[in-house]
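Engineer:
2 protein chains.
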Amino acid sequence: MSNALDEYAVRLGRDGRVAGRKLALTSGKQRNEALRAMATAMREQTDVLVAENAKDLAAAQANGLTSAMIDRLKLDPGRVGKMAQAVLEIAEQPDPVGETIEGHVRPDGFRVEKRRVPLGVVAIIYEARPNVTSDAAALCIKSANACILRGGKESFHSNMAIGSAISSALAKVGLPAEAVQIVNTTDRNLVPILLRQDENIDLVIPRGGESLIRAVVEQSRIPVIKHYTGNCHVYVDAGCPAALAESVVLNAKVQRPGVCNAAETILFHRDTADTLLPVIGRKLMDAKVEIRGCPETCKRLPGCKPATEQDWYTEYLDLIVAVKVVDSLQDAIDHINKHGSHHTDAILTPDVGAADAFVTGVDSGNVMVNCSTRLSDGGVYGLGAEIGISTDKLHARGPMGAADLTTYKWVVTGSGHIRQ
Amino acid sequence: MSNALDEYAVRLGRDGRVAGRKLALTSGKQRNEALRAMATAMREQTDVLVAENAKDLAAAQANGLTSAMIDRLKLDPGRVGKMAQAVLEIAEQPDPVGETIEGHVRPDGFRVEKRRVPLGVVAIIYEARPNVTSDAAALCIKSANACILRGGKESFHSNMAIGSAISSALAKVGLPAEAVQIVNTTDRNLVPILLRQDENIDLVIPRGGESLIRAVVEQSRIPVIKHYTGNCHVYVDAGCPAALAESVVLNAKVQRPGVCNAAETILFHRDTADTLLPVIGRKLMDAKVEIRGCPETCKRLPGCKPATEQDWYTEYLDLIVAVKVVDSLQDAIDHINKHGSHHTDAILTPDVGAADAFVTGVDSGNVMVNCSTRLSDGGVYGLGAEIGISTDKLHARGPMGAADLTTYKWVVTGSGHIRQ
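Chains as they are written, first to last, in the working numbering: chain G, 3 to 422; chain U, 3 to 422.
(1) Helix, strand or coil for U:Met3? Go by DSSP, reduced to three states.
(2) For G:Asn372 and chain U, any beta-carbon pair shorter than 8 Å?
(3) Using the rule of at least 16 other Cβ atoms within 10 Å of the residue's Cβ for burial, across every protein chain shown, is G:Pro208 buried or exposed?
(4) DSSP three-state label for U:Thr408, please.
(5) Which residues in chain G have a C-beta closer than 9 Å to the C-beta of U:Ala26? List them in chain order.
(6) Just to confirm, is the Cβ distance from U:Leu141 to U:Thr409 under 8 Å?
(7) Helix, strand or coil, according to DSSP, for G:Asp353 in the structure here?
(8) Under 8 Å between C-beta atoms, does G:Pro208 make it to chain U?
(9) Roughly how many angstroms separate the alpha carbons of G:Val323 and G:Lys255, rounded to a whole number?
(10) Taking Cβ-Cβ distances shorter than 8 Å, what residues in chain G pair up with U:His397?
(11) Measuring only the C-alpha atoms, how far is U:Thr42 from U:Ala245?
(12) Between G:Tyr237 and G:Ala348, is the Cβ-Cβ spacing less than 8 Å?
(13) Taking only beta carbons into account, state which residues of the region 252 to 283 of chain G come closer than 9 Å to chain A, listed in chain order.
(14) Verify whether the separation of the beta carbon atoms of U:Arg399 and G:Lys411 is less than 8 Å.
(15) Classify G:His106: buried if its beta carbon has 16 or more other beta carbons within 10 angstroms, exposed otherwise.
(16) Does at least one heavy atom of the ligand MN sit under 7 Å from the Cβ of G:Glu9?
(17) Decide yes or no for the touch test of the region 8 to 21 of chain G against the region 178 to 192 of chain G: beta carbon pairs closer than 8 Å, at least 3 of them.
(18) Determine whether the beta carbon atoms of G:Thr362 and U:Ala309 lie at a separation below 8 Å.
(19) Whole angstroms are fine: how far does the CA of U:Gly418 sit from the CA of G:Tyr10?
(20) Measure the Cβ-Cβ separation of G:Gly367 and G:Leu385 and say whether it is below 8 Å.
(21) Return the CA-CA distance between U:Asn276 and U:Ala64, expressed in angstroms with no decimal places.
(22) Got a sec? Which residues, its chain only, sit under 6 Å from U:Met3 by beta carbon, not counting five neighbours each side?
(23) What distance in whole Å lies between the Cβ atoms of G:Val123 and G:Asp204, which are believed to be in contact at a cut-off of 8 Å?
(24) Which parts of the region 167 to 204 of chain G are runs of the beta strand (DSSP E), unbroken and 3 residues or longer, counting only runs that do not cross its ends?
(25) For the alpha helix (DSSP H) containing G:Ala265, list its first residue and its last residue.
(26) Do you know how far the Cα of G:Ala179 is from the Cα of G:Thr267?
(27) Using a threshold of 8 Å, state whether the C-beta atoms of U:Val89 and U:Ser136 are closer than that.
(28) Using only the alpha-carbon positions, how far apart do U:Ala130 and G:Glu388 sit?
(29) Out of U:Glu91, U:Asp239 and U:Lys144, point me to the one whose CA is closest to U:Ser330's CA.
(30) With a threshold of 16 other CB atoms inside 10 Å of the CB of U:Val354, please say whether the residue is buried or exposed.
(31) Tell me which residue opens and which closes the alpha helix (DSSP H) that U:Leu246 is part of.
(32) Within the continuous alpha helix (DSSP H) that includes U:Leu75, where are the two ends?
(33) Got a sec: is the Cβ-Cβ distance from U:Pro225 to anything in chain G below 8 Å?
(34) I want to verify the contact list: residues of chain G whose CB lies under 7 Å from the CB of U:Thr351, in sequence order.
(35) Cβ of U:Val414 less than 8 Å from any chain G Cβ?
(36) What three-state label does DSSP hand U:Val291 in the structure shown?
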């Protein structure tokens with residue numbers, strides 16, 4: 003068995019490499035045609051997708067998956083339509099491939115140019131969300147990368163059905179079938195073998211919970227871009243208007259508490275501890291948010307539970323929030339840099355100097371001034387669809403769009419120039 | 003002992019992180035002053051540097067290092083002056099930090115900006131070349147990164163002396179001493195421990211032979227940018243003028259055969275096999291180059307040795323070259339993609355279509371049209387000093403300058419904007 007898995011992993015990499023080389027020679031127009039054909043195929047095959055998804059749902063119920071997991075897994079005609087629509091929107095975006103990022107003529111007369119090119123082969127390891135299959139495939143086709151998609155075993159039938167729709171679209175427009183390869187086994191032993199195919203796979207993106215991502219990082223010889231979740235902060239600075247603080251803090255915490263850009267800790271400058279803190283604390287409690295506060299917070303907010311040191315590090319993804327009073331802007335910055343996850347942090351302040359110091363001092367991928375952490379999103383930023391939000395510093399940081407699935411090559415054009 | 007090493011590695015990371023945070027708040031002017039003070043200190047301490055280097059040289063001779071290694075290790079007043087000059091040139095370069103890479107206002111009226119910021123802490127693991135110590139430190143100071151420098155044990159005294167000159171310069175301009183940390187032990191066991199400090203070290207750059215780089219990749223939990231060496235090709239296309247082919251092939255192979263951007267394989271289009279190949283082959287032999295050829299080559303070139311399959315993969319770094327006749331441009335591209343190391347490859351052709359197909363088809367970091375592979379270099383491209391030539395595709399590819407030691411953060415400025 004292990005031999006067959008080894009062979010399969012090697013073949014996925016090699017076939018991906020060949021397909022990637024072919025994709026690199028296609029025009030943006032051809033790739034957009036593939037995306038439109040893919041959207042059409044998904045719409046036309048809605049009944050098949052829903053029927054195959056029903057097999058996954060039945061297994062999920064039999065295996066006692068949580069209702070939240072089953073909800074993420076479920077496909078219905080409306081959701082298939084939305085997935086197809088997302089693919090069409092990716093087709094409408096500008097082509098990232100071939101862009102001249104920078105270029106100049108050197109004094110000796112030869113031309114040096116940095117040109118954007120596809121990475122080659124991208125592997126995406128994810129959990130039981132069928133929409134990731136079509137989103138990731140579409141972003142990779144857009145950026146002329148071959149992809150290898152390994153979704154959770156819970157969504158296996160759904161993913162194979164989506165893969166079949168994608169195959170028919172690729173065939174229709176004459177792109178190589180191996181441009182999108184859906185892993186056809188749920189054997190978990192394949193993953194570590196796949197992660198050693200560094201000769202043919204250029205990038206791995208794990209999407210899912212922290213344990214999945216850590217396992218991939220631990221096993222991979224291929225560079226990984228990590229999408230860890232977010233322990234996001236809102237800092238209410240001295241002098242912050244009450245209306246601004248209330249509106250943004252409530253939005254950041256309760257509008258959708260289960261996502262990575264929701265706020266997990268609110269920091270109040272001491273000057274606001276007797277004014278804004280009790281009012282906003284009460285409004286959070288009215289919105290059914292449990293508050294875990296520092297002693298200064300609990301003193302001012304009946305019903306507040308005392309926070310432990312662990313709370314400052316915790317991403318609740320729930321209607322729970324940690325609240326702390328800090329003595330200064332610098333204390334807020336230090337707290338965030340120490341306890342945060344470098345994902346998204348906000349300052350609410352009327353003071354331009356404080357805003358600038360916060361933006362410079364906070365070592366996070368997204369720093370928000372007078373707006374909600376919930377705005378940290380590829381769609382909101384105007385990137386179109388996103389492959390995720392990178393918590394790495396290398397290559398891409400924050401929301402990643404199709405252009406973040408590219409690299410560049412230096413193209414140097416001379417007329418016989420040699421090194422002197 | 004292992005405990006003390008653990009503590010030292012953790013301290014290097016933590017102190018680097020604190021220093022990096024401080025550096026991120028400095029102005030480009032302050033950092034340039036530090037660089038100028040560093041150049042001055044190195045010049046003033048030339049006698050000390052040369053004396054400390056003499057200890058390394060004595061040990062190197064006692065340990066029987068090759069004369070090439072001893073030459074790379076050696077410092078004299080002229081070389082110290084050149085190192086100081088390189089630091090001054092880095093000071094003259096534009097400041098990469100703070101650049102707005104892109105920015106726009108979203109339809110709802112908030113502003114989204116991608117701003118260039120330092121990575122934080124960079125570790126560089128290298129061999130016995132003292133000039134890497136000053137170059138790397140200078141590039142990291144320029145880009146507002148703290149650095150941890152671990153050079154080869156053969157250059158230990160030289161590195162500590164250079165580090166002392168740097169410390170005095172940092173103190174003089176009020177930058178933190180831990181901005182540049184030279185590892186003060188030659189214990190090899192430190193390196194794997196250091197490579198696990200992923201919480202505080204953001205990037206590792208190994209500089210040296212392939213075995214050093216592979217060991218770092220194998221052991222590191224920190225992202226690594228690899229600087230593997232180059233198996234570079236020159237492809238002489240049909241119709242290539244004789245003067246162009248001769249001049250560039252000779253330059254690419256013999257001008258400095260021991261470096262990564264020297265050519266290792268020359269490919270001749272079949273149409274040139276009876277004309278250019280024998281002439282250029284003879285000139286290479288006149289320049290004392292050993293030729294290992296395909297059967298078609300050996301047929302036309304007396305004195306040519308037959309090449310083995312292994313030759314096509316080999317980076318000789320010496321006066322040896324592999325020569326092959328190919329049937330077409332596509333065969334040349336396929337040969338390069340299969341056997342090359344994706345470093346630097348050149349086409350010599352009068353045909354713009356062939357040049358374009360080669361540039362698009364060859365999956366290398368540097369693709370040269372009608373010029374020598376030897377031009378693949380940060381200085382030649384106008385980047386100023388380089389930290390090396392990346393053979394990775396992620397983050398930075400090809401020659402890397404100070405700007406490649408940065409990342410970006412998204413800065414979002416609103417007036418109370420929330421997620422709807």
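Every residue gets a Cβ at the ideal spot worked out from N, C-alpha and C, and that includes glycine.
Structural biologist: According to the data block:
(1) Taking the second sequence and counting its residues from 1, the one referred to as residue 3 of chain U is at position 1. Note that U:Met3 has pLDDT 49, beneath the 50 cutoff, so the model's placement of it is unreliable and the number below is only indicative. Coil.
(2) On the first sequence, residue 372 of chain G is found 370 positions in, with the first residue counted as 1. Taking Cβ atoms only, chain U reaches closer than 8 Å to G:Asn372, which makes this a yes.
(3) For the purposes of this step, residue 208 of chain G is taken as the residue at position 206 of the first sequence. That one is buried.
(4) In the second sequence, the residue the question calls residue 408 of chain U occupies position 406. Of the three classes helix, strand and coil, the one that applies to U:Thr408 here is strand, per DSSP.
(5) Along the second sequence, one-based indexing puts residue 26 of chain U at 24. Under the 9 Å cutoff, chain G gives Thr362, Gly363 and Asp365.
(6) Against the second sequence, residue 141 of chain U aligns to sequence position 139. Against the second sequence, residue 409 of chain U aligns to sequence position 407. Not a contact, by the Cβ cut-off of 8 Å.
(7) For the purposes of this step, residue 353 of chain G is taken as residue 351 along the first sequence, with counting starting at 1. It is coil, neither helix nor strand.
(8) Residue mapping note: residue 208 of chain G aligns to position 206 of the first sequence, counting from 1. It does not: the Cβ of G:Pro208 has no partner Cβ on chain U nearer than 8 Å.
(9) Start at 1 with the first residue of the first sequence, and residue 323 of chain G comes out as number 321. Start at 1 with the first residue of the first sequence, and residue 255 of chain G comes out as number 253. The alpha-carbon atoms of G:Val323 and G:Lys255 are separated by roughly 8 Å.
(10) The residue labelled residue 397 of chain U in the question sits at position 395 within the second sequence. Residues of chain G passing the Cβ test: Leu396 and His397.
(11) For the purposes of this step, residue 42 of chain U is taken as the residue at position 40 of the second sequence. For the purposes of this step, residue 245 of chain U is taken as the residue at position 243 of the second sequence. Roughly 46 Å between the two C-alpha positions.
(12) Indexing the first sequence from 1 puts residue 237 of chain G at position 235. Indexing the first sequence from 1 puts residue 348 of chain G at position 346. Going by C-beta atoms, G:Tyr237 is nearer than 8 Å to G:Ala348.
(13) Within the model displayed, chain A is absent; protein chains G and U are what it includes.
(14) Here residue 399 of chain U refers to the residue found at position 397 of the second sequence. Here residue 411 of chain G refers to the residue found at position 409 of the first sequence. Contact flag set, yes.
(15) Translated into the one-based positions of the first sequence, residue 106 of chain G becomes position 104. That one is exposed.
(16) The ligand MN is absent from the structure shown, which contains no ligands of any kind.
(17) yes
(18) Numbered from its first residue, the first sequence carries residue 362 of chain G at position 360. Numbered from its first residue, the second sequence carries residue 309 of chain U at position 307. Cβ atoms of G:Thr362 and U:Ala309: not closer than 8 Å.
(19) What you label residue 10 of chain G is simply residue 8 of the first sequence in a count that begins at 1. What you label residue 418 of chain U is simply residue 416 of the second sequence in a count that begins at 1. Looking at the two C-alpha atoms, the distance is approximately 52 Å.
(20) Within the first sequence, numbered from 1, the residue matching residue 367 of chain G stands at position 365. Within the first sequence, numbered from 1, the residue matching residue 385 of chain G stands at position 383. Cβ distance not < 8 Å, so G:Gly367 and G:Leu385 don't count as in contact.
(21) Here the question's residue 276 of chain U lines up with position 274 in the second sequence. Here the question's residue 64 of chain U lines up with position 62 in the second sequence. This sequence places Asp at residue 276 of chain U; Asn is not what is there. Looking at the two C-alpha atoms, the distance is approximately 52 Å.
(22) Sequence index remark: in the second sequence, residue 3 of chain U carries index 1 (1-based). A caution first: U:Met3 carries a pLDDT of 49, below 50, which makes its placement in the model unreliable, though a value can still be read off. If we look at U:Met3 and ignore the five residues flanking it on each side, it has no Cβ neighbours.
(23) Walking along the first sequence from the start, residue 204 of chain G turns up at place 202. Walking along the first sequence from the start, residue 123 of chain G turns up at place 121. That pair is a contact at about 5 Å.
(24) 182 to 184
(25) Taking the first sequence and counting its residues from 1, the one referred to as residue 265 of chain G is at position 263. Where G:Ala265 is concerned, there is no enclosing alpha helix (DSSP H), although the beta strand (DSSP E) it sits in stretches over Ala265 to His271.
(26) Stepping through the first sequence from its first residue, residue 267 of chain G is reached at position 265. Stepping through the first sequence from its first residue, residue 179 of chain G is reached at position 177. Cα-Cα distance, rounded: 47 Å.
(27) The residue labelled residue 89 of chain U in the question sits at position 87 within the second sequence. The residue labelled residue 136 of chain U in the question sits at position 134 within the second sequence. Yes, they are a contact pair.
(28) Translated into positions along the second sequence, residue 130 of chain U becomes position 128. Translated into positions along the first sequence, residue 388 of chain G becomes position 386. The alpha-carbon atoms of U:Ala130 and G:Glu388 are separated by roughly 44 Å.
(29) Within the second sequence, numbered from 1, the residue matching residue 330 of chain U stands at position 328. Of the listed residues, the one whose Cα sits closest to U:Ser330 is U:Asp239.
(30) Stepping through the second sequence from its first residue, residue 354 of chain U is reached at position 352. So U:Val354 counts as exposed.
(31) Taking the first residue of the second sequence as position 1, residue 246 of chain U is located at position 244. Looking at the DSSP string, the run of the alpha helix (DSSP H) that includes U:Leu246 is Ala244 to Val256.
(32) Reading the second sequence from its first residue, position 73 is the one you call residue 75 of chain U. First-last of the alpha helix (DSSP H) with U:Leu75: Ser69 to Leu75.
(33) What you label residue 225 of chain U is simply residue 223 of the second sequence in a count that begins at 1. Judged by the 8 Å Cβ criterion, U:Pro225 is in contact with chain G.
(34) For this step, residue 351 of chain U is matched to residue 349 along the second sequence. Under the 7 Å cutoff, chain G gives no residues; its nearest Cβ is about 11 Å from U:Thr351.
(35) Residue mapping note: residue 414 of chain U aligns to position 412 of the second sequence, counting from 1. Closer than 8 Å to some Cβ of chain G, the Cβ of U:Val414 qualifies, so yes.
(36) Translated into the one-based positions of the second sequence, residue 291 of chain U becomes position 289. Of the three classes helix, strand and coil, the one that applies to U:Val291 here is coil, per DSSP.
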